[in-house]
Amino acid sequence: MLVSTKELAMLELKENAVKLGAKASTKDDAINQVGQLLVAGGYIKPGYIDSIFGREKVSNTYLGNGICIPHGLQENRDLILNTGVAVLQLPDGVEWKDGEKAHLIVGIAAKTDEHIQILSQLTNLLSEEEQAKILAKTTDINLILNALNSEVKEDIETTSVEDFPTKKEIIFPGYAGFHARPATAFVDMVNSFNSEVRLSHNGKIANARSMAAILRLGITGGSSFVISAKGEDEEKALISLCKAVEEGLKEGSEEVVNKSVDKRHYFGELIEGVPAAPGMAIGPIVVLDEEEIKISAIGETAHLERNKVREALNKAISELNLWLHQKHEKVDRKRMDIFIAHLGLLKDPELQEKALNAMEDGVSASHTWWKIIKEEQESLSSLSDARLSQRANDMKDIGKRVLKFLDPNAIKSNNLDLETPSILVSLDMTPSETSQLDKTKVLALVTAKGGSTSHTAILARSMGIPSIAGVGEKVLNISSSQAIADGDSGILVIKPTTKDLDLAEELQKEAKAQKDAEFEDRFKPAVTLDNHRMEVVANIANADAALEAVNNGAEGVGLVRTEFLFLERKEAPNETEQFQAYKKMVQHLNGLPLIIRTLDIGGDKQVPYLNMPKEDNPFLGIRGIRLCLQNIELFKEQLRAIYQASKYGPVKIMFPMVGLLEEFREGAKIAEEVRIEVGAEPIDIGMMIEVPSAVLMAEHFAKEVAFFSVGTNDLTQYVLSMDRGHQSLAKKADALHPAVLKMIKMACDIASKHGKWVGVCGNLAANPLGAKILTGLGVAELSVTGAAIANIKAIIRESTFSECKELANKALLQDTATAVRALSDEI
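Numbering that gives the first Met the number 0 puts the first residue of the sequence shown at 0, with every later residue one more than the last.
What follows is the structure in structure tokens.
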């Protein structure tokens, strides 16, 4: 039966926003035309048209019956001036996708979730094919105005049709609502089941196999609706569909950088953004002028310009290689990883080929190179996945590295040297610029663009600089002699009141007091309130880090990443060089234990001088212990250096990536031969648990190893079959997934049975929730970065072993990593 919807906040289509009888040669032409209508109507800034193109790259906005609804990406809503709609009528149509012909192009600009209501009205036309055909050809503008402005009549069934008995009420997560992309994903899932499925919301019921019907329900983010199913697999369908909705229906979710904090109430003028790095800062604002890049387009022959690009690329690669080699002993792993990724971009063959092929006679290499970089930036920026779109800044960063060698005068750099300690405000910053910031002068970093997962945000966190991202370009026009940057809440207070300043100062004092207290107690053992001991040790890559770890309260070193001695050089370090490095580490530890992992090369870490064959899947190829066993002399040379160093203090050996029992046995046999050769005392030999086979065979391994150390980074990707570097899967490769935790639990139980201990040296050990869960699972040692030692020790000391075990047991019972992370609310 046909009924009217409840009263909606109607968005009136105005006559000047409709263009009849238009022609478009391509889909892009049509999008640009409807975008110009939105601009002319005062609904959007011109830049939002690029965002509409970006949306089309990640989702199909064609609804059916010749109707499509191009609209921009969520992260570009700051370019929307007013919510509104524009219609471009194409009587001859234009191909939209896969042969679908569009006649009515309905451009949407919605500041929040009003577009859900627009869809609810518009999709009524999808069930009225004849009316849609009339509107596609009409020369009467009033027909279109009346069709889209009149109160919508729905062909959705109301209470005369009920939910099926097997049902569940659920809340749609996030704020974007049930729009076209999640609806498409939902329908695809429904079609994989045999049962009938219905959705109901606000007294309306829809067939869940119809995307249009789902859209007409107008389900907004945060609102509740009911999923019901009837048929042979109804229970399975209901469970799977509810789970898919809870996990976001492929929409993804932004990483939660900080533990949630209550939104602090400030009285001054506020600008809100995204919390990017925790902390509080009070000080004047300094707005960084936008960088100027001026490039001459005049060049020589294409051949000569190609040579210039090749030379500039080689220089940029050499420069970054040198920096990595010089800094790998001085900066943390996260910062290293970012610039190692930049090196990969510079070496990317597709990017290089694209740039070289684009060279033209008479056009300068610098002009063409920068044009290619801008295109790559725009392509990345248009992606809907926040993590990926924020990588556009990395492309700009490597582009500038090459550009400065092509044309030293092209870039007029900003002066990052502040005269007085200030809150630095910028449109955005590249990772290279961020890494150059003086922490004594930059009290906080606020960017108009970006987000919590950008490399700039990651660097700010690693450098301890409070940061707020994505506040919008209005921040570039402000000045304030005194402001508050609240990195925990993502709030910039422009004109703070006395009460605001008092609150900020109090919070600063509390945070400093807590950090100081943790650091003051850093040498105290990590013993729970009910007297359970946990060893907290450090992950290091060099001797300086060993000394720093001791000063930070480490009780030893749980992982020496020896591969850093081998990377970014033309030949392997000899035995003497390795021995001196390991000996220095032992001496810095002054009697504390040192676990040295043998060479872990392969996968994402390659060294040219080893002449490793190109593999289709290097993560499943020759890496870790397998590489050592195929390069016996290299392996023996490292083992000799380790055994020589063991004469100066307690050292243990650990083999990486062991998957087969025979791999461990062969490695241990070679180690014993080397030990006898150098005349050293026997030392413990353990192994990394990084692959499922190591866990499943732990009963056998435990009889021969001295200890296990879980590498949660690799274990996670192998258990979940998700490459941790994959662009779209990386965020799902979560070490807190119950499947990974069950693997760790199994290893701990078997090790305990045989009187052996288990450590964890992956990132999970430095996660506050992860540390408590690992303690409860039976892990005996947590190996973390030096900066995290005091905090992790404090967390353990404030807990009881019984509550950690209870937390771990709850985590094992969860069905998703998201559900495990939600347990943090309980603690």
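Every residue, glycine too, gets a C-beta built ideally from N, C-alpha and C.
Since the model is a prediction, treat every value here as computed from it, not as a measurement.
Within 8 Å, strictly: CB atoms of residue i and residue j
| i | j | result |
| --- | --- | --- |
| A793 | D520 | yes |
| I372 | K395 | yes |
| P465 | A693 | no |
| V424 | V474 | yes |
| G564 | A545 | Contrary to the premise, residue 564 reads as Leu rather than Gly in this sequence. Contact flag unset, no. |
| V690 | G658 | yes |
| V362 | A296 | yes |
| A456 | D393 | no |
| L312 | L345 | yes |
| A540 | V401 | no |
| I213 | A236 | no |
| L90 | A135 | Sequence inspection shows Pro at residue 90; the Leu mentioned does not correspond to that position. Result yes, Cβ atoms of P90 and A135 sit closer than 8 Å. |
| R639 | V585 | no |
| I684 | I631 | no |
| L426 | E289 | yes |
Spatial distance of residue i from residue j (CA atoms)
| i | j | result |
| --- | --- | --- |
| D139 | K13 | 14 Å |
| G83 | V38 | 10 Å |
| M686 | T575 | 25 Å |
| G247 | P172 | 6 Å |
| N762 | V783 | 7 Å |
| K18 | I104 | 10 Å |
| V308 | D49 | 29 Å |
| E827 | I281 | Here the chain covers residues 0 to 826 and nothing more, so residue 827 does not appear. |
| A807 | A821 | 13 Å |
| T137 | E11 | 20 Å |
| I66 | E234 | 36 Å |
| D814 | S239 | 11 Å |
| A516 | M653 | 34 Å |
| A701 | M462 | 40 Å |
| K353 | S378 | 14 Å |
| D599 | D501 | 51 Å |
| A666 | L626 | Before going further, note that residue 666 is Gly rather than Ala in the sequence given. Each residue's alpha carbon lies about 11 Å from the other. |
| L78 | Y47 | 6 Å |
| H102 | A146 | 15 Å |
| A364 | Q376 | 18 Å |
| E671 | L558 | 21 Å |
| L350 | N712 | 29 Å |
| G769 | K132 | 58 Å |
| A644 | V759 | 24 Å |
Cutoff 6 Å; reference residue i; Cβ partners in own chain excluding five residues on either side
| i | result |
| --- | --- |
| W756 | F706 and A779 |
| P69 | I30, I51, T60 and G106 |
| P45 | V38 |
| E547 | G785 |
| P495 | G267 and I483 |
| K258 | The predicted model places K258 with a pLDDT of 41, which falls under 50 and marks its position as unreliable; any figure quoted below should be read in that light. So no residue of the chain qualifies. |
| E837 | Because the chain in this structure spans residues 0 to 826, residue 837 falls outside the shown range and cannot be described. |
| N148 | E11 and L12 |
| E636 | E574 |
Opposing strand residues paired with residue i [DSSP bridges]
| i | result |
| --- | --- |
| I297 | V362 |
| M686 | F654 and F707 |
| K537 | According to the sequence shown, residue 537 is Ala rather than Lys. Bridge partners of A537: V556 and V783. |
| H531 | Paired residues: none, contrary to the question. |
| W322 | For W322, which the question treats as bridged, DSSP gives no partner whatsoever. |
| K827 | No answer is possible for residue 827: it lies beyond the span of the chain, which begins at 0 and ends at 826. |
| V225 | E168 and S199 |
Own chain residues within Cβ distance below 8 Å of residue i, not counting five before or after
| i | result |
| --- | --- |
| R208 | V186, V189, N190 and V196 |
| A787 | A765 |
| L905 | In the structure as shown, the chain begins at 0 and stops at 826. Residue 905 is therefore absent and cannot be evaluated. |
| H736 | T715, V718, L719, T815, A816 and V819 |
| L355 | R305, V308 and R309 |
Cut-off 7 Å between Cβ atoms - residues of its own chain near residue i, not counting five sequence neighbours on either side
| i | result |
| --- | --- |
| S431 | D396 |
| C241 | K167, I169 and I226 |
| D827 | Residue 827 is absent from the model: the chain starts at 0 and stops at 826. |
| S480 | P283 |
| A459 | A275, A276, T433, L444 and S466 |
| A732 | T715, Q716, L719, M721 and R723 |
| F518 | A789 |
| E231 | N193 and S194 |
Quick test of the definition: if touching needs 3 or more C-beta pairs under 8 Å, does the region 542-561 touch the region 501-511?
no
Exercise for the section: Give a yes or no on contact between the region 533-542 and the region 299-306, applying the rule of three or more CB pairs nearer than 8 Å. Expected result: no
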